[in-house]
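Visitor: Have a look at the structure that comes next, please.
See the structure below:
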């Protein structure tokens, strides 16, 4: 057993001392989106700090706990807050929660984030479904000796975001009259926001939105065979696209504006899992 898998197992055993809840789906809530947890019929909550060796988020707006419960009759584990590479954690710790959720039983991973809009047709408050991602700017979480308990040495990445789940999200958005953008998301390391030149480069590469999370989690989950989907809340237009400086407060304010549609879309999608 390798060190990475051994650490995940240790966290799993710590969780199982506190709850035997088995989720079908896992939801990761991004910056400013933590209020979604109110939509869950809660069975129990577990602060990250109470899990042995579990990394703890230090970012404002990230509460730092698992919420276990139900959306309709679907058992879910909700991460209210995530850890980021820019906080100083090794990337293996950044993706540890996703690997832990898989060990708990989650088959589906629903990733969410607040992102900067790179596509010039986007507006603050838009929701964007992830069709694909660009991963070259963040460290790959699979670097190092492969641990067979987690997945294969060279996992295919051609369909990270499950096509059936994408169809479900599109249909659900249409049925509920929710405007939905689609596009490619890029993860940069942060914590500084991107420069205008960074954004021009990303646009040339075909990127529609940019943030500081999600991609490494998707890679780790895909490695373990989970079905993955994702939604970005476009919190602002990226650097150089407006005269306004970027701030974390702006991210949270835009998430508040999109909260109603975000909650509705996630709830209606998950109840069909």
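In UniProt numbering, the protein residues as written are 1 to 273.
Idealized CB from N, CA, C, for every residue including glycine.
The model shown is predicted, which means the values in this text are computed figures rather than measured ones.
Is residue 155 closer than 8 Å to residue 91 when the C-beta atoms are compared?
Guide: No, the Cβ-Cβ distance between residue 91 and residue 155 is not below 8 Å.
Visitor: For residue 65, count the other beta carbons within 10 Å of its own beta carbon; 16 or more makes it buried, fewer makes it exposed. Which is it?
Guide: The residue in question, residue 65, is buried, as its Cβ has 16 or more Cβ neighbours within 10 Å.
Visitor: Quick check on this structure: which residue in 207, 53, 201, 145 has the alpha carbon closest to the alpha carbon of residue 131?
Guide: Comparing Cα positions, the closest option is 207.
Visitor: Along the chain, which unbroken stretches of the beta strand (DSSP E) at least 3 residues long are found entirely within the region 137 to 223?
Guide: Segments of the beta strand (DSSP E) lying fully in the region 137 to 223: 180 to 187, 209 to 211.
Visitor: Going by C-alpha distance, which of 27, 272, 184, 135 is nearest residue 290?
Guide: As shown, the chain starts at 1 and ends at 273. That puts residue 290 outside it, with no answer to give.
Visitor: I'd like to know whether the C-beta atoms of residue 231 and residue 52 end up nearer to each other than 8 Å.
Guide: Not in contact: residue 231 and residue 52 (Cβ atoms no closer than 8 Å).
Visitor: What is the residue span of the beta strand (DSSP E) that residue 74 lies within?
Guide: Looking at the DSSP string, the run of the beta strand (DSSP E) that includes residue 74 is 74 to 80.
Visitor: DSSP beta-bridge partners for residue 115?
Guide: According to DSSP, residue 115 bridges with 234.
Visitor: Could you give the first and the last residue of the continuous alpha helix (DSSP H) run that contains residue 5?
Guide: Looking at the DSSP string, the run of the alpha helix (DSSP H) that includes residue 5 is 3 to 16.
Visitor: Under a Cβ-count criterion, where at least 16 other Cβ atoms within 10 Å of its own Cβ denotes burial, should residue 68 be classed as buried or exposed?
Guide: Residue 68 is buried by the Cβ-count criterion.
Visitor: Out of 133, 160, 182, 11, which has the shortest C-alpha to C-alpha gap to residue 56?
Guide: The candidate whose alpha carbon is nearest that of residue 56 is 11.
Visitor: Is the number of C-beta pairs between the region 73 to 92 and the region 194 to 208 that are closer than 8 Å three or more?
Guide: No, because fewer than three Cβ pairs between the region 73 to 92 and the region 194 to 208 fall closer than 8 Å, the two stretches do not touch.
Visitor: So, under 8 Å CB-CB, residue 162 and residue 264 are touching, yes? Tell me the CB distance rounded to an integer number of Å.
Guide: About 21 Å; that fails the 8 Å criterion.
Visitor: So, at 7 Å on beta carbons, what are the nonlocal neighbours of residue 273 in its own chain, with the 5 sequence-adjacent residues on each side left out?
Guide: The residues are 24, 25, 74, 108.
Visitor: Compare the beta carbon distance of residue 115 and residue 235 with 8 Å and say whether it is the shorter of the two.
Guide: Yes.
Visitor: With a cut-off of 8 Å on the beta carbons, I'd call residue 94 and residue 85 a contact; round off their distance for me.
Guide: About 5 Å separates the two Cβ atoms, so the contact holds.
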